[in-house]
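Under the working numbering, think of the first position of the sequence shown as 5, with each following residue one higher.
Each residue gets a CB set at the ideal place from its N, CA and C atoms; glycine is no exception.
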Amino acid sequence: MYIEQWKYIADYHTHTCFSHGRGTVDDNVRAALARGLTTIGIADHGPANWWNVGIKRIADFERLIEEVWRARRRFPEIQILAGVEANIISYDGELDVPEAVQEQLDQVLVGFHTMIIPKSWGDGLRFIRLSLAARLGERRFSEAKRAHTQALIAAIQRYRIFAVTHPGLRIAIDSEALAKVCAMRQTALEINARQGLASPELIRHAAGCGVRFILSSDAHRPEEVGRLEPAEAAARAAGLTVEQIINVRELPEA
Numbered sequence: 005m006y007i008e009q010w011k012y013i014a015d016y017h018t019h020t021c022f023s024h025g026r027g028t029v030d031d032n033v034r035a036a037l038a039r040g041l042t043t044i045g046i047a048d049h050g051p052a053n054w055w056n057v058g059i060k061r062i063a064d065f066e067r068l069i070e071e072v073w074r075a076r077r078r079f080p081e082i083q084i085l086a087g088v089e090a091n092i093i094s095y096d097g098e099l100d101v102p103e104a105v106q107e108q109l110d111q112v113l114v115g116f117h118t119m120i121i122p123k124s125w126g127d128g129l130r131f132i133r134l135s136l137a138a139r140l141g142e143r144r145f146s147e148a149k150r151a152h153t154q155a156l157i158a159a160i161q162r163y164r165i166f167a168v169t170h171p172g173l174r175i176a177i178d179s180e181a182l183a184k185v186c187a188m189r190q191t192a193l194e195i196n197a198r199q200g201l202a203s204p205e206l207i208r209h210a211a212g213c214g215v216r217f218i219l220s221s222d223a224h225r226p227e228e229v230g231r232l233e234p235a236e237a238a239a240r241a242a243g244l245t246v247e248q249i250i251n252v253r254e255l256p257e258a
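Quick look at the structure:
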């Protein structure tokens, strides 16, 4: 039986030393070229992460954008995108990157991370309460799941977001409710090769709502750029086709 061969054309979610990656922008670009990609996305963490994981200051985004522009002059054969993996910092869906900065970037990815500095004490205490409550029974778990999902939905409705990274990682979400809004707003869902793969059920539910997907390496070292094989395996297990994945093409049959 013929099995279609997939070609990766882009890796939109890679980190550099601007946050907690090991390589420079140029290092990631060279790795992408070696993997045969036509597009590489730099998506360093926003500044609200604990332990200085993210970009340290909002002003540093200017340095990142300048570095991407220099890389474009050195490597005109590949598309290089300046972006961010922003953090949700409130249950109203607010992000840790101002809209004025978002408008200067080529892509905004959003993740619901647990180790972040919230916008307010109230948001922080609510997150702790919901995280603890989710372990105390089905009703409290449902409350946490609903709140996390609404925060993601609020962010998608509020901003122009290219993709949601690793949906459901370490938090419970309503995948169908999230997927419906993503489909409406043309926001992709990520299948992440690094952070623990989404279940086939989550992927199938989202696909049934008309969502499109990206496969991502979430690379923290240059040698990880473009290594999308685990994400491809998860996509195939869920029955996705190349038409449902933004950064995959089918190789012509030999």
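Check: Less than 7 Å between the C-beta atoms of valine 112 and isoleucine 62, yes or no?; Outcome: no
Check: What are the complete alpha helix (DSSP H) segments, minimum 4 residues, inside the segment 145-218?; Outcome: 179-189 and 204-212
Check: Mapping the DSSP letters down to three states, classify isoleucine 84 as helix, strand or coil.; Outcome: strand
Check: Just curious, the alpha helix (DSSP H) that valine 29 is in, first and last residue?; Outcome: 29-38
Check: Exposed or buried, isoleucine 132, counting other C-beta atoms within 10 Å across all chains shown (16 or more means buried)?; Outcome: exposed
Check: Go ahead and label glycine 126 buried or exposed: buried means 16 or more other beta carbons lie within 10 angstroms of its beta carbon, across all protein chains shown.; Outcome: exposed
Check: Under 7 Å between the Cβ atoms of histidine 49 and glutamate 107?; Outcome: no
Check: Considering Cα atoms alone, identify which of Val215, Arg174 and Phe65 is closest to glutamate 180.; Outcome: Val215
Check: For phenylalanine 116 and leucine 68, which I take to be in contact (beta-carbon distance under 8 Å), what is that distance rounded to the nearest angstrom?; Outcome: 22 Å between Cβ atoms; not a contact.
Check: Roughly how many angstroms separate the alpha carbons of asparagine 56 and cysteine 21, rounded to a whole number?; Outcome: 12 Å
Check: Among the residues of its own chain, which have a CB less than 7 Å from the CB of arginine 162, if the five just before and after it don't count?; Outcome: Gly97
Check: Whose C-alpha, out of Glu8, Phe145, Trp10 and Ala38, is nearest the C-alpha of glutamate 228?; Outcome: Ala38
Check: Taking the Cβ atom as the reference point for each residue, do alanine 52 and isoleucine 121 lie within a distance shorter than 7 Å?; Outcome: yes
Check: Is valine 114 helix, strand or coil when you go by DSSP?; Outcome: strand
Check: Measure from the alpha carbon of alanine 36 to the alpha carbon of each residue in Thr245, Asp15 and Thr28, then state which is nearest.; Outcome: Asp15
Check: If we ignore side chains and look at the alpha-carbon of each, how far apart do methionine 5 and proline 256 end up?; Outcome: With a pLDDT of 43 at methionine 5, under the threshold of 50, the modelled position of this residue cannot be trusted; read the value that follows with caution. Taking the straight line joining both Cα atoms gives about 16 Å.
Check: Count the other CB atoms within 10 Å of the CB of arginine 34; is the residue buried (16 or more) or exposed (fewer)?; Outcome: buried
Check: Looking at the structure shown, is isoleucine 132 part of a helix, part of a strand, or coil, going by DSSP?; Outcome: helix
Check: Can you tell me the Cβ-Cβ gap for isoleucine 46 and glycine 87, rounded? I've got them flagged as a contact below 8 Å.; Outcome: 6 Å
Check: Does the distance from the C-beta atom of alanine 211 to that of glutamine 248 stay below 7 Å?; Outcome: yes
Check: For the candidate residues Leu134, Ala238 and Leu173, whose alpha-carbon lies nearest to that of valine 114?; Outcome: Leu173
Check: Using three-state DSSP, classify leucine 15 as helix, strand or coil.; Outcome: First, the residue type needs correcting, since residue 15 is aspartate and not leucine in the sequence shown. Note: aspartate 15 maps to strand in three-state DSSP.
Check: Roughly how many angstroms lie between the CA atoms of lysine 184 and cysteine 213, to the nearest whole one?; Outcome: 6 Å
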